[in-house]
Structures are given as structure tokens and as C-alpha cells.
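Q: Here you go, one structure.
Residue numbers (my numbering), protein chains in the order written: chain A, 44 to 513; chain B, 18 to 518.
So this is what it looks like as C-alpha cells:
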């Protein structure tokens, strides 16, 4: 059984139950690594039921536009500190700059005049903090988990690098080499090849047409982009475009005072990216890709989804279709995975995005000749939902699942903050969580049927098949 | 959401670190970690069996059996009915099979404990071992080896090759999922017999954590008394073969980058005095996915050669995905391991030399006072990050039972680290680490030329696409001719298709 944690893909390592790691690796590699997340990808907190977000929260906005969200949770002595930059690979609208948001995330660890990289590292090391960062389509997040007594130090070093990042061209170029290494590491996975092809085919203008990692040619050219990196920082690393998210065992008033002191002088100046709108897709697109290695055939069907808007009940209903139509209790899963055993797995992820992204269905098919049959089965699944509404019990079970999934995954300050980061990136705050909760509750069988009709139409989709070497 | 309005007691359950929770003294077969305000209940049911108990020629049987229990039907319900029942609870259970231990892991919101408990105990006590589940799971395991490990993940391939190499000829010397031919040789009767032999009431330890009611403990104890009878004899811990000089297995395949793992068995286990001294060394040298560690600084930070470089003194499965170590991989035999994430083929010889040289340098010179103090300070707090959730802490508690450690392990670890002196650490480094008898597993292309270069100790100068500071270039001169005494007969080349056959 795949526990829900392994299905609801989160940005960090998959925690909790690990079932036969090797088998899950293929899926996890592509989806669990932050930089690898496809547009329309994961990190979807899944609230549900009563609309209960169980913690008190405070939101403050500094004069320079910096938003601060505080979620004090007493006990334990640990806390999590997220700096969410509302910029990801979506913002890479200029030709030749794909992958830059992710690359820039690396540069944020290259130090300032006050805290050169070695001193920054030593400071983090001295705190015993678990510090890292990830980049996805819609955001870049820098996060630390640490003993609360070190909060002032964390605020000092984080505010410093966000305002005064300073690196020379040499280290910049060295880091570009490391990013290329990361690309090479990822490329051994057929999923990375698949997503690159899918996104490029599905989007003709919008920046979701490239992966967060970026195109290889652009990554190779990164060492020449030193001047651009400064511009990137000046445009996007501005208080209006950043949200601080603190969760855990700390005192709100003291934290806020420190944040005002250390971030108060940060100058405004955010320049929004000119992300082109994607024209409406009017016909199905198909592409077959080869993978220069061996793998079972892969199939992904990516439907154009909807921009995240929890006040739009149709969009909310649409986002529930992944689990409902293609999850472990779906008819198609029962048939293909359990009875016929013609696919190794099938799953879907209809995620939340700032702009309309892709809502994907994935399958790993055992026999190359069996791929068309899986696609037909997907079509049959959609047709069945068009014909007859979902039963009341099935819909209720899904709502209950969304609620318990949410509640069970708030068990560390890290997870609380991590779950909220995408909401923060997309909407600027966390109010959307409650709205989403209420919307889940209100979704009816009619909404589900309408969502199927609206979103899962063949003309909205891109079908990619991948085959490896024989 | 409304601000400042809600403050449920639920918030106290940010689990890992609730100080109000206290461990109730656990009996021989029970490990308890009550966390009163935790709205969830965690299970870790440990069976004293692992891949070391796979019969010869039927490697993978332990993993297959555990998977059939947790991903297959029970006598009462088909697997799809089980999934259906779990679905609204957003709960599940799964198995983790390592060399010495198998743990059935589960977690549920306490609202749903009654229904969940029935499903979980059913899986433990009445697995159906049906043909269709067997076929599905075995096929997935085969594909995991044949398509996944061999061809879709060179990092895991390199590590798996390394582990098999270190423990070659012992009960630890095969993948938990076996080999293609051993999986083919397993029958459903083998699975049933394996379950009868190892999943016995004498062989089980109950791990229970979170917001459970006390009555659940006795109920589970009593229910597990209906497991099969019998106490199977455990084999001795593996005695790895002595290593002759530098031994390398080169797995040859078409690939764009070279994955490198090396190391050797060590005799130190959690609970031993030297363990903590080595843990401090290891944290400085190569703390997993930590940019301040030394190897990372030398290979990744200063030279940009790859994505990361780490070292270990305990097995660390799923390192590519996990930031923190997973519990329940406790073993009676551990190893020292260095893992270099993929480097360009042109840098493979150099990266290997750099890592080996750094190991020799720290053996020769030990940690400086500053390095020692900083690492000590780091570990004191970083150790809190190892187990933040109730389930992970429960996992650590089960491991402590395995190692015969009493009390909270993380606290013990911090105390031991705090009490260390630099001399103890440097002394442990000298006694347990070495560079003259080491095993290497490398996944790369054009293996023959790599072998020739190694045997000839050919210089491996590197060039960079980007400028580097003079001190780095000077050190490169030393690294590029650093002698590693490989001999021809100690380097084997194996095509990837021959791996795990």
C-alpha cells in the first residue's frame, strides 16, 4: 500500500512509511526533488472537511511591503523559518534564461560582505540548523529548522543575504558548474526527459514550457551570466515579492520586533516579470520521445488546468479529480494495477499554480504495446464520469481523506510551514487555505461532473509517451 | 483564515520534541512513546527478520513476504477493499525491510483508530498471500531492479553495487529485493513458510507512539499472541571478508556521469563508546547533505565538480531523497561509506583521489580544535533534527531496543557528543579508519580506460570551465598525482546487465 505521504508529493524527502524504496524511486526522483517539479506539480496541501487549520496565525505587512506570517506553536523548542520568494521558473520569461531561478537559489548561499559564504556556513553549522532551499515553477523557498533560541541569529543572517548578497564572478562560475552537475544527475531519470518534452509541447508561449531545471543549453551558458544574475537579484529579491513564514516555538511579538529591525531598511523595487499568457489550446497534442537508457514505457497525459483560485468552485472541483478518477480507489487503478497488472502504477496530480498549469496523469506501462490501451482506459474513465455523477459516498470519502491528509501532515513546524509555502507563493498569504477548505466542503456531484466536462476534454491535453532503448 | 482565533491543544503535538511526553518503561516486547496531545497514533511493529534470513537462491524473500503482507489481501479482505477502507482515513501501512530487521509501519488519526486497528492487525495476523498479489509485487520488484536500478538511477545503482561488494559472500551481500533469478525462484509456498517461521509471537516487538489510549497496548499485545509460534534461530552477524588493498568493482554502462562509492566495514555500533567519536568525525567530514561538511567543501564548493559529497558510519538508505536518516535500519554490522554524487567522466579519477586524500589527511592530522568545537556545537542541536515526528522518534526507540540502549537515544547522543574530547575523536579516527584496505564501486562508461589509468596511477589533471583561485589550482597539482595503489587483479569490470542477475 502506498501511504498517502508518498503520493501527495511534498518538496522535502518523503517521510513516514517507506515501502520498497527501489520501486518508488523512479517516481520519487522526478517528483520529490524541489528543482525538478514540473509545472502543475506537487506541493499541494490538501485541507478538507471542517476548514480547520489548527493553529493561531498572525499576518503583518511591513512598510516596505514585506509580509510576515507568524504561527507560534508552543513546546518543543524548535522552529521553522521560511523565506518564500514568489519567483520560480515561471518568471524566466527572457530567452536563454531558463533555469535561472533555480541557479540563483544556489547563489544565495555564496555570502555577503558581513557574512561571507564560509562565515554563513559556520554560523548555520554552529546552530545545528537543518538549512536548505528549493525552487519550483512558482516559488523559491529558503528554509531553516533550528532551536528557537537561535531565532535572532537566523533573522540576522537571512535578512543580511536577502538585502546584501555579494559574490564575485569566480564563485558564480563555479556554482554554475555545480548546477550543471545537478542537471546531469537528474537526467539519468527518464521522468526528467519526459517532463521536459511534455512542458515544451504543452506550452507555446507561457514559461511553464520549461522545467525548473531549465534547458541544457541555457544551463551550460550560465557561467557567462554574471551581470544578469545581479539584475535578477535586484528585480525579484525585493520585500514586496517575499513572504516570511515562521512556525514553531517562538514569541510572536519578539520575533516581529526583530524582523522589523533587520528587514525594515530593505528597499522596495520589485519588477514583475512579463510572463506571456498561453493561448487557449484548441486541439490535442501528441509527442513520442526516446530515452537513451532502459525503462518501462511511460505515459503522461497533461491537461491544461486552472489557475489556483479557491473561490472558484469549479477549479476546486477540478483539483479533486486526480484522486477521484485516478487514485488508488479508482476503477482504472483497480483494473490496470490490481487486476490486469498491465501498468506498474498510475497516478495523477492536479496541483495548484499561479497561472494555468498542467494537471497530469502518469502511468508506467509494463508492455510497450500496451500504451494505447492505457490511454483508452483513461478516456473511458473520463467518459464514465461524464455519463453519471459521482456517488455521494465516494465524494464524502474524498472530502474526508483531504481533511485527514491535511491534519496528519502538520506534525512538525517544518511541515506546517512547508505545507503553506505554495499557498503563500501563489496568493501572497495563507487565507486561501481556509477558503479552499470551505470550497471542498461545498463541492457537489454536479460540480465534479461539470469539472470533468470543462477540464478533461481531449483538446486541452498533451499526450507524451516515452520509450527507452530495447 | 481568522487571525489569532484558534489555538487548539492540537498545536502541542508538533511531535518530535514534546517534552511533556515521557517514555513509559517498555517491556521486552513493547516499546512505547506516548505523546498525549498527538492527534495521531504511530505503529512500528518490528519483526526480528530481514534480508539476512533470505534462503540461498531465494534472495528477496523477506522483502517479498513483507510487501505481500502490507500490499496484498488478507483472509477477510481483498487488497482493493483494504485500499478502499483506508482511503477516507488518508492512512496506510507499509513495510521496511533491511538486513536484520523488518518493520511494519503505520500511522492514523486517532478519530479512525478502531477501523484502522482492525485492518492493520488483519494484515499482520491473517495475510492471504494470494497468487495475484504475489505476481504483481514480484513483477514490480523485478522491474525495480531491471529497469529502475540498472538504468534509471545511477546513484542508487552505485550504492547498491558498493553494499553488495562490501558484504560479498555474507548474508548481507545481496539487495533486499534480491536478484532477478532469485525472485523467479521464489514460490508462494516459500512466502507462506517464511511467514510461519519468522513472523512469530516470540519474534515481534510492538512499537506504539502518539496519542493512543493505554488499553490499545494490551489489546495489541494480546492480539499478537495469535501469531504463529516458534523462535527461529538467528544466524551470526556477518563477518565480511578481509579486504586486500584497494578493490574496485566498475559497473560499466552508457552514462553521462560517474557515480562513486567507497568504504569498508567497521566494528562500531550505536551504543559503543567509539561510535560517538566517529559520529563527530563523520559529521565534520561528510554530514549527509550538509554544505558545511569537509568533503562537500573540497569537491563541490571549491571545485563545483558535482552536487554533493558525503560520508556515513551507519547505513543511510534513500540518501538521494532523504535529508535525515530513516530509522529502522539497525544492523549488527555497519560500514564506513563515502558517497560522491555523479561527476563528469573526465573528473572521476581526480574526484576519487581528492576524496581518498582528504580521508588520509584527517587520519594523519585529526581534527583541529576549531573543527572539533564547531562540529560539537553543530551536532548538539542538529541531532534534534534527526527525529522530529512521533513516528521517527518511535523508530529510534525501536532501534535502541535493537542495540540494547535505554532511554531517549537523541538525548543520549547529545550527552555523549558533549562529553567527547578532541583526543578521543582523533584516536577513534586512527583506530577505525584507513585508506589502505578499501572497497570501491564505480558506475561509469569506458571502464577499461578508467581501469588502466588507475593501475598506472596516471596523472589526472583537471581543467575547469571557470576560473579558480590559485590555492585551489595548487592543491589540484597535488591531488592529480596522488598515488592510489590499485593493482590490475583488484579491479573487476562488470557490464550493468550482469548486475543483480
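Here a beta-carbon is modelled for each residue, glycine too, at the ideal position from N, C-alpha and C.
Model, not experiment: these values are computed from the prediction.
Please list, in chain order, the residues of the region 116-135 of chain A that have any C-beta partner in chain B closer than 9 Å.
A: 116, 117, 118, 119, 120 and 121
Q: Taking its Cβ as the centre, do 16 or more other Cβ atoms sit within 10 Å of residue 314 of chain A, making it buried, or is it exposed?
A: exposed
Q: Mind pulling the alpha helix (DSSP H) runs of 4 or more residues that sit fully within the region 382-408 of chain B?
A: Unbroken alpha helix (DSSP H) stretches of 4 residues or longer found wholly inside the region 382-408 of chain B: 386-403, given in chain order.
Q: Between the Cα of residue 321 of chain B and those of A:413, A:213 and A:142, spot the shortest distance and give me the residue it belongs to.
A: A:213
Q: Spell out whether any CB of chain B is found under 8 Å from the CB atom of residue 390 of chain A.
A: No Cβ of chain B is located within less than 8 Å of the beta carbon of residue 390 of chain A.
Q: Mind checking the region 384-405 of chain B against chain A and listing, in chain order, the residues whose C-beta falls within less than 9 Å of any C-beta there?
A: 391, 392, 394, 395, 396, 397, 398, 399, 400, 401, 402 and 405
Q: Is the beta carbon of residue 158 of chain A sitting closer than 8 Å to the one on residue 203 of chain A?
A: yes
Q: Can you look up residue 364 of chain A in the DSSP assignment and give me helix, strand or coil?
A: helix
Q: Have a look at B:85, B:364, B:374 and B:511 and flag the residue whose alpha-carbon is nearest the alpha-carbon of residue 567 of chain B.
A: Here chain B has residues from 18 to 518 only, and residue 567 of chain B is not among them.
Q: Mind reading off the beta-carbon distance from residue 508 of chain A to residue 342 of chain A? Whole number of angstroms is fine, and I expect it under 8 Å.
A: 5 Å
Q: What residues in its chain sit with their C-beta under 8 Å from that of residue 309 of chain B, if we drop five residues either side in the sequence?
A: Excluding sequence neighbours, residue 309 of chain B sits near 395.
Q: Taking 8 Å as the CB-CB cut-off, is residue 51 of chain B touching chain A?
A: no
Q: Can you look up residue 189 of chain A in the DSSP assignment and give me helix, strand or coil?
A: strand
Q: Can you tell me the Cα-Cα spacing of residue 75 of chain A and residue 256 of chain A, whole angstroms?
A: Legend: pLDDT at residue 75 of chain A = 26, less than 50; position of this residue unreliable, value from coordinates given subsequently. So the alpha carbons of these two residues sit roughly 13 Å apart.
Q: So which of B:118, B:114, B:123 and B:94 has the shortest CA-CA distance to residue 108 of chain B?
A: B:123
Q: Would you check if there are 3 or more beta carbon pairs closer than 8 Å linking the region 115-124 of chain A to the region 288-305 of chain A?
A: Between the region 115-124 of chain A and the region 288-305 of chain A, the count of C-beta pairs closer than 8 Å reaches three or more; the two stretches touch.
Q: What does the Cβ neighbour count give for residue 77 of chain A, buried or exposed, with the cut at 16 atoms within 10 Å?
A: With a pLDDT of 29 at residue 77 of chain A, under the threshold of 50, the modelled position of that residue is not reliable, and the figure given next carries that caveat. The residue is buried, with at least 16 neighbouring Cβ atoms inside 10 Å.
Q: Along chain B, in chain order, which residues have C-beta atoms closer than 9 Å to that of residue 308 of chain A?
A: Going along chain B, no residue has its Cβ under 9 Å from residue 308 of chain A, so there is no contact; the nearest lies around 26 Å.
Q: Quick one: using the 10 Å Cβ neighbour count with 16 as the cut-off for buried, is residue 490 of chain B buried or exposed?
A: Flag for residue 490 of chain B reads exposed.
Q: Quick check: residue 61 of chain B and residue 120 of chain B, are their CB atoms within less than 8 Å of each other?
A: yes
Q: Using a threshold of 8 Å, state whether the C-beta atoms of residue 183 of chain A and residue 128 of chain A are closer than that.
A: yes
Q: Three-state secondary structure (DSSP) at residue 497 of chain A?
A: helix
Q: Take the Cβ of residue 224 of chain A as the centre, count every other Cβ of all protein chains shown within 10 Å, and call the residue buried at 16 or more, exposed below.
A: buried
Q: Scan the region 439-463 of chain A for residues whose Cβ lies nearer than 9 Å to a Cβ of chain B and list them as they occur along the chain.
A: 439, 440, 441, 442, 443, 444, 445, 446, 447, 448, 449, 450, 451, 452, 453, 454, 455, 456, 457, 458 and 459
Q: Please look up how many angstroms separate the CB atoms of residue 516 of chain B and residue 268 of chain B, rounded, as I've assumed it's under 8 Å.
A: 6 Å
Q: Given a threshold of 16 other Cβ atoms within 10 Å of its Cβ, counted over all protein chains shown, does residue 382 of chain A qualify as buried or as exposed?
A: exposed
Q: For residue 417 of chain A, which beta-bridge partners are listed by DSSP?
A: DSSP lists no partner for residue 417 of chain A.
Q: Please identify, using Cβ separations under 9 Å, the residues of the region 149-161 of chain A that lie next to chain B, in order along the chain.
A: Result list: 152, 160 and 161.
Q: Under 8 Å, do residue 317 of chain A and residue 136 of chain A count as touching if we go by C-beta distance?
A: yes
Q: Which value, in whole angstroms, describes the spacing of the CA atoms of residue 337 of chain A and residue 480 of chain A?
A: 43 Å
Q: Counting pairs of Cβ atoms below 8 Å between the region 50-65 of chain B and the region 177-184 of chain B, do you hit three or more?
A: no
Q: Kindly indicate the opening and closing residues of the alpha helix (DSSP H) around residue 214 of chain B.
A: 205-215
Q: Would you mind sorting residue 393 of chain B into buried or exposed? The rule is 16 or more other CB atoms within 10 Å of its CB.
A: buried
Q: For residue 107 of chain B, which residues in chain A fall below 7 Å Cβ to Cβ?
A: 47, 444, 447, 448 and 451
Q: On the three-state DSSP scale, how would you describe residue 86 of chain A?
A: Note that residue 86 of chain A scores a pLDDT of 25, beneath 50, so its modelled location is shaky; the value from the coordinates is reported in the next line. Of the three classes helix, strand and coil, the one that applies to residue 86 of chain A here is coil, per DSSP.
Q: Below 8 Å between beta carbons: does that hold for residue 223 of chain B and residue 241 of chain B?
A: yes
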